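Listed in order, the protein sequences are those of chains R and Z.
10 is the number of the first residue of the first sequence in the working numbering; add one for each residue after it.
10 is the number of the first residue of the second sequence in the working numbering; add one for each residue after it.
Quick reminder that beta carbons are idealized off the backbone N, C-alpha and C, glycines included.
Computed from a predicted structure; not experimentally measured.
Worksheet: the structure to be examined is printed underneath.
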Amino acid sequence: MKAILALENGTWYEGEAAGAPGEAGGEVVFNTSMTGYQEVLTDPSYKGQIVTMTCPEIGNYGIAEDDRESRAPQVAGFVIRDQSPVASNWRSEETLRDYLVRSGVVAISDIDTRALTRVLRSTGVMRGIIATGEVDPRALVDKARNVAPMEGADLVLDVTCDAPFDWQPVPQDEFTPSAQRQPTRALRIAAYDYGMKWNILRRFTAYGCDVRVFPATAPASDLLASKPDGVFLSNGPGDPAALGYAIHNARELMKEDVPIFGICLGHQILSLAMGAETYKLKFGHRGANHPVKELETGRVEITSQNHGFAVNAETVPDDVKITHLNLYDGTVEGLRHATKPVFCVQYHPEAAPGPHDADYLFRQFLDEMEKR
Amino acid sequence: MPKRTDIKRVLVIGSGPIVIGQACEFDYSGTQACKALKAEGLEVVLVNSNPATIMTDPEIADRTYVEPLTPEVLAAIIERERPDAVLPTVGGQTALNLAVALAERGTLAKYNVQLIGASVDAIMVAEDRLKFRDAMREIGADVPESRYVRSLAEALEAADALGFPIIIRPSFTLGGVGGGIAYNIEEFREIAGRGLDMSPVHEVLLEESVIGWKEFELEVMRDCADNFVVICSIENVDPMGVHTGDSITVAPALTLTDKEYQRMRDLARRIIRRVGVETGGSNIQFAINPDDGRIIVIEMNPRVSRSSALASKATGFPIAKIAAKLALGYHLDEIPNDITRLTPASFEPTIDYVVVKVPRWAFEKFPRADRTLTTQMKSVGEVMAIGRTFKEAFMKAFRSLELGAAGLLFGQEDRRVDEGLTAEEEEGALQRELSVPNDRRMWAVFRALERGWTPEELHELTKIDRWFLVQFSQLVELQRSAALVGLRGMSTDLLRTLKRAGISDRELAGVLGCDEAAVRNARLETGMVAAYKRIDTCAAEFESFTPYLYGTFERECEADPSTRPKVVILGSGPNRIGQGLEFDYCCCHAAFALREEGFETVMINCNPETVSTDYDTVDRLYFEPLTFEDVSGIIAREQQAGGDVSCVVQYGGQTPLKLALSLQQAGIRILGTSPDSIDLAEDRERFAQLLWDLGIPQAPSGVATTPDDAREVAATIGFPLVVRPSYVLGGRAMAIVYDLAALDRYMVQAVAASPGRPILIDKFLEDAVELDVDAVADATGAVVIGGIMEHIEEAGIHSGDSSCVVPPHKIIDRHVALIRDYTRRIARALKVVGLMNAQFAIKDDTIYVLEVNPRASRTVPYLSKATGVPLAKVAARLMIGRTLAHLGLTEDLEVAGFFVKTPVFPFVRFPGVDTILGPEMKSTGEVMGAASTFGAAFAKAQLGAGVKLPATGTAFISVNNHDKPAVLQIARDLGEVGFTLVATRGTANYLRAHGLEADIVFKVNEGRPHVGDEILNNRIQLVINTPLGRESFFDDRTVRRIAMMHGVPCITTLTGAAATVNAIRSLNTEALTVRSLQEYHAETAPRKA
């Protein structure tokens, strides 16, 4: 079946339907990771986005239950060059196509994804829509222009959990790197779920911590009432500036002497809470190869990234130190409060997909929690 | 300036001659490293015995030693140059082994030289399999069960414990020489015994077999701050059991989940740390069990490698260049990424295309060789292709191989018809071809798929991952649907799908039963042309500044050609015997010269091992197959901006020449000598007429298409004869016949192989002295002779397999003058503009022209190194209209000293193959020896080629009757330099009759101990054995084989023997001295180029 991807700039790409039939709109972004399409599909941070994989052969190793980052695919749509007709891996349970169809994800294949990526790189990310079957591309362009913009959108409410729950540790599989150390006492983390990737929880488990997960809208006092050794602010979708309640809660938490760690959206919320500002990047960082320099040691980490907004370095207050910088474009990748046990990174130390270079951040969080 | 300020002068070790397992990828990496070090302000001293390299161009290093790569010679260079450091990681296994030897001999300590890039400890951990195994276990990495043994008895004991199949890996041999897989105790005895013999330390590792597991490689880099990046992942389509150099490989890895991939990456990081490679690149190989995901580490190379050259070309990340900088103390984040300019080298390239590498073998040269692929590498070259999908890259790679009709995957001949096999026999043959890896296995896969076998059945037989097999079956499906509708009924959509799957016009024409032009026209009518995409290391995330391009049937083209006048240089494709590095060298020089002349240079080539495919070498690089479709597509695209486009075809060997006429017909301007002149020189009759008109002698010759014709020709010109098919490369299928019976046999075979193709028959000039001449000529008719190279071996040995020397040392002045005159007149008559190679033979005071090739020859780089004049560059300037006078070249070139070129052979890898030389070329590479006397130069060349000439000892002589008178002087000279002589009965009697002492030894079939036993018992140090006249006997072959496997020099020509004695005398009387090319060149008159 034919499919079309139309963009708000008036261009469209004809290809083949590669998932569920229908129409799906969202912000069109690209991801440059060569592995981990399943992790990408199920990452809640992609809510509202149509993800283009720059790696041309997708679906080769199928879908495996254990590789999910949330219950189901989260992307608004999926764009690829070539879809594998088979799933070839001993762990795989179904083909990508079956998974997309079953999950109702509209996808398109056989388009020039590199051309699309170049457009997104030079004009910036834009709204788009995928439709399968016989459709009028011009009408589709008009529809793309009516897709809700990402700026100012609170997408967290779509992906956060409904009620607090205790994360049930899953057995560590053979692929999981061992933790750098284990805690000397029982540690409990209270985590804000803005659309948390499961691998963050798996890493906390690997580091011997218990986690209680709270909805994004839960008041800070609920988290503090659980007497956590540390508080974690998760990744998630959308514009951080639209999350007034989350920023407010973060400020409340920072009044206490509890270690706080944030990743991605959590990092942006903490930054806003500390007085910095965020802005939208032209085409974001999405991939598994971004070099980040830890300024204190000078060490370079290859990191997993997925964000469309960033913290403006010039607005970072004096009592907050920039700890990590992106070596591609110099953007802020990590912050630490000068006096409070608060630190956060823009990228994804939990990887999934991507390198494990930044796993030490989980150990650092452990260190902070044990200090108290 | 470099971070390390303690290093001012560095010695870079090259990899020596091209051999199987170590090819021109090390010219690429070494050149990059030298350039990078020089750019950092260091003084670079280079040693490499291989003159056909770009790295030994005198401007690449400050001082260039084209000297044998032995510890003694390196010590002499170190003593003379006193470098602060040695960089051993860009010269392959050769350089690493030398570094270890220099450390062990105390040379490094004595002169206070440090190793950079890799420490001796790191090399030892990576190379010594036992140490490596222990190191891996220490960091929790799984390795195959293994035992290290030093005798056959120990080996047999270990075999019991490991169980079959067992992998046998000799320590410290190149490319797995002497190794293999044993499935039973018989095979095991044989392979283990051979491995023990061939290992320089007489050790082999016996290893648990993981045959059939998936095989992966990671190319990784680390800097001295412990920053670590993976440059590229490579997946082997052929599972474990086939050497990675013989495997079809693909980048990136395509069948790994992120979890599996990251686990491998984590392991790689721990491995490079544990092995202790502090700076630079490494290659790490892994095997993964497809059934349960168990991962084991196979090996690690603490240096740049063939795979890292591939990874560099596949990603655009210049590993060798960066490795050199890291060795100086830079951190990865301090080095910019050349392609994006704004981002640093501390990242992991991500690619939005698929790269496929396919090896190219030369089994047609070694008909008796075993074509089974095992752990010992057998291929001589490789191609790489890039496409947006695996299918596209795969199909492009296969057409890049240039295998002609034999290369076509679709619609292969039906062996039930062609070879008269029954259906059952055919099926059995197919099963064997699929289950036992061999060079034709991929064709068997396609044959089976066309026959309706399923990917699942093929997986059972081949263990190739199902994903790949399904891709192949999709290709077969596509061609089936094409065949169904035919060209007329084909929709644009289907045509587009076929083209996007990488199927060429020619392949499609084969499927559709029409000609290529019809497909091409149908395609062009719909406006369907290839788009060109950039290789940018980052999947388009950032802008790229280097036009490194590949073609694909996609929507957007990023070629963005300029309006500048440009020259397209066609490369030489995959390395093969007869067409190797020398031609890539020439192509690079064309690019350098034309860039200096202000042209925009465009390179098209598909060989990832080369300097020509370095994006630095030219202004615009197209990594594409060298077929008419691909080349003309690129030229058409380059023409679109309006700039004048012309094309160089005379530098890349036969590959571009095959395209010359069709390109010219398509209206593309060919620079230099016209394709018609090239054809004239190739065309026997036209060329004979030309020589007749010029009054230049040529050996009597004729042409025949049937055995009867051939008999007639033989009757007129008389035996012996040289016979060969027309238009061949490297003397393919060429033979010398001495009688009618042999002629008939040859003709019957030839006619059966290609009916109707003419066979060329020449009088064989027995015992003649052969010479090669390279000259350059301009459009005004001026000709400068670059040099006259005298072959050491007499006529009948392919010129590529003969040692030669410049200047000629035995030719009288009158003959030299005549050769110069002939060369000039022929060049003018052919209207040569550019390079010309001519071969002559002198017999009985007559000089015959053997052949003339108005194009780059194999000897151009060697001669350029000897004379100091870059002939290929000069010729390129002549092609765009400069004159020799303008370039200041008015006299024929001179050399200071003697320069000997000696070939190296791959026989050691092909058990059972005779080592005798003949008219069919068999060498893979060459070395040069330079000195002030012929003897010393020849000795150095032998040393460089790995021939260990004995200072004294016992020489075994066995020559045919024809050679007996001439062997007397050699025998006398041998006695004089202190050798004892032994000989077979006939030769001994002859020697004794002429007053020489010689003991008799038995021939192999005469009783024991025979000559073979004596060689094995170290009682013979030199073998002189000329084939018994017209037929080569088993006995001779056995002797030669034993000598070679035992490292005893075996000389099969008398002229070679004379030169060898000369060399031994020189070794015994003169101290070995070293001298840089720059010093030699300073002695000849300075010339402009």
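DSSP beta-bridge partners for residue i?
i        : result
His294/R : His316/R
Asp853/Z : Bridge partners of Asp853/Z: none, in fact.
Val576/Z : Thr610/Z and Ser655/Z
Thr911/Z : Val936/Z
Ile331/R : Leu344/R
Phe295/Z : Phe225/Z and Val306/Z
Glu103/R : Ile72/R
Val832/Z : With the sequence shown as reference, residue 832/Z is identified as Thr, and Val is not the correct amino acid for it. None; Thr832/Z has no bridge partner.
Tyr288/R : Ala319/R
Excluding the 5 residues preceding and the 5 following residue i in the sequence, name in chain order all residues of the same chain whose CB lies nearer than 6 Å to its CB.
i         : result
Arg1039/Z : A caution first: Arg1039/Z carries a pLDDT of 48, below 50, which makes its placement in the model too unreliable to give a value.
Gly1033/Z : The residue asked about is misnamed: residue 1033/Z is Ile in this sequence, not Gly. Correct list, in chain order: Ile966, Ile1060 and Ala1066.
Leu7/Z    : Residue numbering for chain Z in the displayed model covers 10 to 1098; residue 7/Z lies beyond these limits and cannot be assessed.
Leu196/R  : Cys218, Asp238 and Met378
Leu341/Z  : Asp232, Asn236, Ala354 and Ser355
CB residue i to CB residue j, shorter than 8 Å?
i         : j        : result
Arg90/R   : Arg397/Z : yes
Pro1119/Z : Ile797/Z : An answer regarding residue 1119/Z cannot be provided, because it is not within the stretch 10 to 1098 covered by chain Z.
Arg724/Z  : Leu730/Z : For the record, residue 724/Z in the displayed sequence is Ala; it is not Arg. No, they are not a contact pair.
Val1140/Z : Phe181/Z : This structure cannot speak to residue 1140/Z, because chain Z is shown only from 10 to 1098.
Thr1064/Z : Glu802/Z : yes
Asp267/Z  : Pro362/R : yes
Glu935/Z  : Thr911/Z : yes
Ala788/Z  : Ala948/Z : no
Gln54/Z   : Ala42/Z  : According to the sequence displayed, residue 54/Z carries Val and not Gln. Taking 8 Å as the Cβ cut-off, Val54/Z and Ala42/Z do not qualify as a contacting pair.
Met888/Z  : Val841/Z : no
Lys874/Z  : Val75/Z  : yes
Tyr631/Z  : Leu699/Z : no
Ordered along the chain, which non-local residues of its own chain (more than five positions away) have a Cβ less than 8 Å from that of residue i?
i        : result
Met537/Z : Thr501, Leu504, Arg505, Lys508 and Phe562
Ala777/Z : Glu803, Ala804, Ala850, Ile851, Lys852 and Tyr857
Near residue i, what residues of its chain come up, given a Cβ to Cβ distance below 7 Å and the 5 sequence neighbours on each side ignored?
i         : result
Phe592/Z  : Ser581, Tyr660, Gly661, Gly662 and Ala865
Glu1079/Z : Ala945
Arg833/Z  : Val792
Arg272/Z  : Ile304
Asn1014/Z : Asp1044
With 8 Å as the limit, tell me which residues of the stretch 472-503 of chain Z have their beta carbon closer than that to any beta carbon of chain R; keep them in chain order.
Asp474, Arg475, Trp476, Val479 and Gln483
In the stretch 282-312 of chain Z, which residues sit with their C-beta less than 7 Å from some C-beta in chain R, listed in chain order?
Pro299, Asp300, Asp301 and Gly302
Just checking, does the stretch 157-164 of chain Z make contact with the stretch 189-209 of chain Z on the three C-beta pairs under 8 Å criterion?
yes
Between the stretch 217-237 of chain Z and chain R, which residues of the former have a C-beta closer than 9 Å to a C-beta of the latter?
Asp232, Ala234, Asp235, Asn236 and Phe237
Would the stretch 294-308 of chain Z count as touching the stretch 90-104 of chain Z if we require 3 or more Cβ pairs under 8 Å?
no
At a cut of 8 Å, does the stretch 207-214 of chain R reach the stretch 121-130 of chain R through at least three beta carbon pairs?
no
Counting pairs of Cβ atoms below 8 Å between the stretch 624-641 of chain Z and the stretch 846-853 of chain Z, do you hit three or more?
no
Residues of the stretch 321-339 of chain R with a CB closer than 9 Å to any CB of chain Z: list them in chain order, please.
Leu336, Tyr337 and Asp338
Mind the definition here: the stretch 379-393 of chain Z touches the stretch 244-254 of chain Z only if three or more C-beta pairs lie below 8 Å; say whether that holds.
yes
Can you list, in chain order, the residues of the stretch 43-74 of chain R whose Cβ is nearer than 8 Å to any Cβ on chain Z?
Met43, Thr44, Gly45, Gln47, Glu48, Thr63, Cys64, Pro65, Glu66, Asn69, Tyr70 and Ala73
Relative to chain Z, which residues along the stretch 296-321 of chain R have a C-beta separation below 8 Å, given in chain order?
Gly296, Ala297, Asn298, His299, Pro300, Lys302, Gly307, Arg308, Val309 and Ile311
Proximal residues, the stretch 312-335 of chain Z versus chain R, C-beta separation under 7 Å
none
Give me the subset of the stretch 86-118 of chain R whose CB atoms are less than 9 Å from a CB atom of chain Z, sorted by chain position.
Arg90, Asp91, Ser93, Pro94, Val95, Ala96, Ser97, Asn98, Trp99, Arg100 and Ser101
Would you check if there are 3 or more beta carbon pairs closer than 8 Å linking the stretch 55-63 of chain R to the stretch 34-45 of chain R?
yes
For the stretch 546-565 of chain Z against the stretch 336-352 of chain Z, do three or more pairs of beta-carbon atoms, one drawn from each stretch, fall closer than 8 Å, so that the two count as touching?
yes
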